[in-house]
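Okay, structure first, notes after.
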Amino acid sequence: MQKLIAVAKREQAGDVVIQHATLINVYTNELMEAHIAISGKHIAYVGSELPPCSDHTLVIDGRGYVLSPGYFEPHAHSTLFFNPATFAEKALRHGTTAIVHDNLELFMRLDEEQYLEALDAFAKFPVKMFWGARLDAQTANDEMVRRFAPERIRRLLAHPFVLQVGELTDWPRLLAGDEQMIENVLSAQSFGKRVEGHFPGASGGTLNAAAAAGVRACHESIRSDDVIQRLRLGMYATLRLSPIRPDLPELVKGLLKENICWSNRLMMTTDGPTPPMLEKGLTDYLLREAMEAGLEPITAYRLVTLNPATYYGLDGELGGIAPGRLADILFLRDLRQPRPQKVMAEGKMVAESDKLNVELLLPEVIRVASSGKYGPRKVEESLFRLPVRTAQEQMEFPVIQLRDAVITTVHMETFPVRSGQLDWTSNEGLVLASLIDRQGRWVCNGLLRGFARQLDGLAASVAVGGDLLVLGQDTAAMAKALRRLLELKGGVVLVDRQQVSFEIQLPIYSSMSPEPYDVIAAAAGQLYRHLREAGYVHLDPVYSLMFLPATHLPYVRLTPQGIYSVKERQVLYPSISLDHEGENDDL
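Under my numbering, the letters of the sequence shown match residues 822 to 1408, in that order.
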């Protein structure tokens, strides 16, 4: 502290001095000419007087650059294909120096000690690795509810890098007065942590109840009216541009018409970017899209720097270029070119010209804990059947219709019955969809329309809840894809004409790869091309796979109980109990 003060008073040379800088002052909404002195990890001085330098001072000429505070991603899902370390590497290259990660995948797979050990390891990264604490598992499974017991959540909330509970995907339980949910929300408030909601399409009444229950932010605005409604109720509203909800440009245009974009309670997020989207960038991509939609540049930068830092109570350390703040500084060529040429984090130059100068390693506890076997012991075509109890020659069956990438509806369709099983094979555009318990205890089979026109077999381990999803029109190909998936210990496998046509291995908790980001991105690009060729027409096929079991979304899902109507809370077709035990699951 003494040195920081001495450097601030220009009585002592700083470790780094940036001379002749033009910086974005997010506090006064202006471009400002200044010199900057840095002591250790922190900014000591910002002003018009040139700071003293010594032989040990790193002097940087700021001319030709616009300096921005490091970007802050307030809501990230970083465990789909990539892992939190490779995601952080990509983020850092693009100027994002603080991230609030969703914790669901790690929390569901690690015990408490392992999870906290992982958080401590991530805390050593130059990019700030903050976390939310989920209160539900996104899928209807009573066993999983126990994992979110209040005593476990309190231990997480005590960690300084856990900033909030949420997102609350099972918010109906909270508003219905569920004791566990209420206790967990009250615990967050007692620790001074935030509560983030998940309220797509919610009415004013629902949002009022949520705000009264302590929810202080929501990233699920679909229209500008949704944003305004949240702001009027005292919430922070996070504008989203994600693979399945690219709403940001239209939200900005709508807010500009209402003269709302000045609000200091607005933020921006990529939510859960998949590799194809990340090829366009992260927070820098949001900034480009927002400015192209008409948002004034400095206001746009404030939405991804100061505003999220303020929301999380971190604006004393993050969010701006000012004395006492961490020296997270981006060197931009132009105000409208938000992808940085250089990235400084905590006073060190960590990236230049899209290349990292640091290595971010996945904590060993995650690698070790992800070993183990899973899935059914025997994989046979008989897994993929639709037995029915009827003496009639035909019957109606609930077909899941994929309306967009994640929203489903249900339609009753009539099929012939042969030898006690539904015969669906002559219906064009249908695929059999099977959700298989990762411990091999049950299988939920259904019919899905709108995913692909021609798909022999696909097996994937990326569905929420961690169970295995198999889709296809050829049961032999489906079985082959599943066998290969189990050999890989997770990933996505495509089988065409009884040959494996594509595979990506995701051995870390069956959803993440240890490979560098660029390797993952190239493989993911191939997967997307294969599925487009198979007839997938929606925004993002990986999200379709991931959310088929997700009971926080409307309207029909595959679940351990069977084909499940979310709104009616009713099983439309039961799952099948498997008569053999699965392997021990340590994933």
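Glycine included, every Cβ here is placed at the ideal spot set by N, Cα and C.
What you are looking at is a predicted structure, and each value in this text was computed from that prediction instead of being measured.
Separation of the CB atoms of residue 1359 and residue 959 is rounded to 20 Å, and the pair is thereby denied contact status at 8 Å. Within the same chain, 1045 and 1049 come within 8 Å of residue 1079 by CB-CB distance, once the 5 residues on both sides are set aside.
In this structure, residue 1252 places its C-beta atom within 7 Å of the C-beta atom of residue 1293.
Counting the other CB atoms within 10 Å of its CB gives residue 1215 a total below 16, which places it among the exposed residues. Its Cα nearest to that of residue 976, the residue 940 stands out among 996, 1062, 992 and 940.
Comparing alpha carbon positions, the residue from 1201, 970, 987 and 1263 closest to residue 952 is 987. Taking a 10 Å sphere around the C-beta of residue 1217, we find fewer than 16 other C-beta atoms and assign the residue as exposed. Rounded to whole angstroms, the Cβ separation of residue 1396 and residue 1382 is 6 Å, and the two are in contact under 8 Å. Here DSSP, grouped into helix, strand and coil, assigns residue 866 to strand. Note that the region 1306-1315 touches the region 1267-1287; at least 3 beta-carbon pairs, one per stretch, sit closer than 8 Å. By the Cβ test, the region 1346-1355 is not in contact with the region 1195-1207, since fewer than three Cβ pairs between them sit closer than 8 Å. Boundaries of the beta strand (DSSP E) harbouring residue 843: 837-846, taken from the DSSP string.
Beta-bridge pairing by DSSP links residue 1092 to 897. Between the C-alpha atoms of residue 1018 and residue 1065 there is a straight-line separation of about 18 Å. According to DSSP, residue pairing for residue 854 in a beta bridge involves 843. DSSP places residue 917 in the uninterrupted beta strand (DSSP E) bounded by 917-922. Of the candidates 1370, 1305 and 1276, the residue whose Cα lies closest to the Cα of residue 1352 is 1276. Here residue 1164 is bridged, per DSSP, to 1151 and 1172. Here the C-alpha atom of residue 1091 lies approximately 44 Å from the C-alpha atom of residue 1242. Taking the CA atoms as reference points, residue 1002 sits about 15 Å from residue 1032. Assignment of residue 951 by DSSP, reduced to helix, strand and coil, places it in the strand class. Per DSSP, reduced to three states, the secondary structure at residue 1185 is helical. In this structure, the beta-carbon distance from residue 948 to residue 918 falls below 7 Å. The residue among 998, 1051, 1212 and 895 with its C-alpha nearest the C-alpha of residue 1022 is 1051. Rounded to the nearest angstrom, the gap between the Cα atoms of residue 899 and residue 1154 is 28 Å. Taken through DSSP and simplified to helix, strand or coil, residue 1136 comes out as coil.
The Cβ-Cβ distance between residue 1136 and residue 1143 does not fall below 7 Å.
One Cα belongs to residue 914, the other to residue 1175, and the distance between them is close to 5 Å.
For residue 1237, the uninterrupted beta strand (DSSP E) run begins and ends at 1229-1239, by DSSP. With 16 or more neighbouring CB atoms inside 10 Å of its own CB, residue 1088 falls in the buried class. Relative to the Cα of residue 905, the nearest Cα in the group 937, 868, 883 and 950 belongs to 950.
Across the structure, residue 1379 and residue 1370 are spaced so that their CA atoms are roughly 5 Å apart. Here residue 1380 carries a strand assignment [DSSP, helix/strand/coil]. In its chain, beyond the 5 residues on either side, 931, 935, 938, 939 and 942 have a beta carbon closer than 8 Å to the beta carbon of residue 1186. Pairing residue 1249 with residue 1302, the inter-Cα distance amounts to about 22 Å. Residues of the same chain with a CB within less than 7 Å of the CB of residue 1232, apart from the 5 flanking positions on each side, are 1220 and 1222 in chain order.
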